[in-house]
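Before any comments, here is the structure.
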Ligand SMILES: Cc1cc2nc3c(=O)[nH]c(=O)nc-3n(C[C@H](O)[C@H](O)[C@H](O)COP(=O)(O)OP(=O)(O)OC[C@H]3O[C@@H](n4cnc5c(N)ncnc54)[C@H](O)[C@@H]3O)c2cc1C
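Residue numbers (the working numbering): 1 to 384.
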């Protein structure tokens, strides 16, 4: 049975949980907020399917076509609402038009990030936009298999390790499956995310959130939080404490520092990312609202791409040049601050911990607002 001795040897993909014929595996949250499989010995029949399905214990070699394009959606509204160039929506719409099903990551009502599926074009808006948190796969692998076995087309999108887990769980090629993974920096802890929205909202309930509002452009994104009482907080990408902690790798999953899936030879059909540095390759490109890098790994993906209704700008590029400014495609991030961060977090607020570990002190907007409110209150109190 699966027994995780070193945390970095589990990416939380849920393949073992999904394959267990006796439902003997629960995904339990550790004290850093990440899911790990826990076997119920009273239900386990030692079939070992959980070990055999693990994409980390059982590595598979694949060869990619290694083709890449710079592209963006010509529908400006969708492009602006997407994190990069809005290409995910074009691919997903194509599957839906063919009576297919699309799986992706969305916020649930409490702003946890979870995998789900949709069967209509409007539903795709839930998946649009990156959520920089590890998403909970739940029963999505099992649901996807049911659709596939029933002959429906399925597009499954997720991080590279989630796609690795899905392919391993399915254990055979399906003509009706299209997989889309991301260039992935690494996934932050869901617990840290929940603490952050709690601290920043000072306990108020979120009603909407976007990690990359592009009103000021693709390069200068803003994190937008709207609360049920109608108030809003906007954080500049570079000033957000959450983003600082994310980019400086303070609270990523242990497996992200030693990722098995960062390669150009991927098991997915497509890989999507931001085309950072596109101006060096196509100087005249319109990059204001975002440009996607799309990698094509399989013939199935190339055929789908060739047949797309071309509501997009696209131009082929050299795949090796495409990742010069995006080494996350092929290299794991460095683990320099994680241990220290989780030690400091035991005795400090999240904001204080990130400030201590991830750089110069930045005034946390909510504290700044609280400070202003307190000052106004004191002025009013002593006015008379
Ligand atoms: C945790 C994370 C780290 C990333 N790191 C990088 C990076 O270092 N470099 C880079 O170039 N790009 C990175 N990306 C990818 C990038 O942000 C865009 O998601 C991607 O380019 C697709 O953009 P789009 O405009 O085509 O579509 P969008 O509509 O913006 O993309 C939505 C797609 O992302 C999926 N998605 C959103 N959040 C999650 C999540 N938490 N887990 C799994 N899938 C999710 C949705 O299911 C959907 O398929 C990252 C994305 C995530 C979620």
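Positions of the beta carbon are idealized from the N, C-alpha and C atoms, including for glycine. As the structure is a prediction and not an experimental result, all values here were calculated from the model.
Contact annotation, residue 273 with residue 326: C-beta distance approximately 6 angstroms; criterion of less than 8 angstroms satisfied. In the pairwise beta carbon analysis, the region 36 to 48 is classified as not touching the region 187 to 194: fewer than three pairs are separated by under 8 angstroms. When DSSP assignments are scanned along the region 153 to 183, the uninterrupted stretches of beta strand (DSSP E) that are 3 or more residues long and fall wholly within it turn out to be 154 to 158 and 177 to 182.
With respect to the C-alpha of residue 324, the residue from 82, 275 and 139 having the closest C-alpha is 275. Residue environment: residue 320 is assigned as exposed (fewer than 16 neighbouring CB atoms within 10 Å of its CB, all protein chains considered). Proximity to residue 307 across 297, 24, 94 and 57 peaks at 94, based on C-alpha coordinates.
Per the DSSP secondary-structure output, residue 35 pairs in a beta bridge with 29.
Taking 6 angstroms as the cut-off, the C-beta of residue 132 counts as close to a heavy atom of ligand 1. Cβ contact annotation for residue 221 (same chain, cutoff 7 angstroms, sequence separation greater than five): 212, 213, 214 and 237, in chain order.
The bridge partners DSSP lists for residue 316 are 69. The C-alpha of residue 342 lies about 14 angstroms from the C-alpha of residue 193.
When secondary structure is reduced to three states using DSSP, residue 128 falls in the coil class, being assigned neither helix nor strand. In the three-state reduction of the DSSP assignment, residue 77 falls in the helix class, which pools H, G and I. Counted as a single uninterrupted DSSP element, the beta strand (DSSP E) harbouring residue 101 occupies residues 101 to 107. In the three-state scheme derived from DSSP, where H, G and I count as helix and E and B as strand, residue 253 is classed as coil. Around the beta carbon of residue 121, a 10 Å sphere encloses fewer than 16 other beta carbons of the protein chains shown; the residue is thus reported as exposed. Contact annotation: residue 181 and residue 200 have beta-carbon atoms that are not nearer than 7 angstroms.
By the Cβ neighbour-count rule, residue 76 is exposed, with fewer than 16 other Cβ atoms within 10 Å of its own. If you draw a straight line from the Cα of residue 292 to the Cα of residue 314, it is about 9 angstroms long. Contact between residue 13 and residue 185 does not hold, since their C-beta atoms are separated by about 17 angstroms, which reaches or exceeds 8 angstroms. Annotation for residue 208: the continuous beta strand (DSSP E) segment containing it runs 206 to 213.
Residue burial annotation: residue 235 is buried, with at least 16 other C-beta atoms found within 10 angstroms of its C-beta. Of all alpha-carbon atoms in 240, 208, 216 and 177, the one lying nearest the alpha-carbon of residue 225 is that of 208.
Here the region 104 to 116 does not lie against the region 45 to 61, with fewer than 3 beta-carbon pairs under 8 angstroms apart. For a cut-off of 8 angstroms, the C-beta gap from residue 295 to residue 261 is around 13 angstroms, too long to register as a contact. With at least 16 other beta carbons inside 10 angstroms of its own, residue 64 counts as buried. Restricting attention to 115, 135 and 134, the CA atom closest to the CA of residue 142 is found in 115. Burial state of residue 179 is buried, judged by a 10 Å Cβ sphere holding 16 or more other Cβ atoms. In this structure, the CA atom of residue 240 is about 34 angstroms from the CA atom of residue 265. Judged by DSSP in its simplified three-state form, residue 53 adopts helix. Taking 6 angstroms as the cut-off, one finds no heavy atom of ligand 1 near enough to the beta carbon of residue 137. In the three-state reduction of the DSSP assignment, residue 264 falls in the coil class, being assigned neither a helical nor a strand state.
The shortest C-alpha to C-alpha distance from residue 22 to any of 50, 3, 30 and 5 is the one to 50. For residue 325, there is no enclosing beta strand (DSSP E), as DSSP marks it with neither H nor E.
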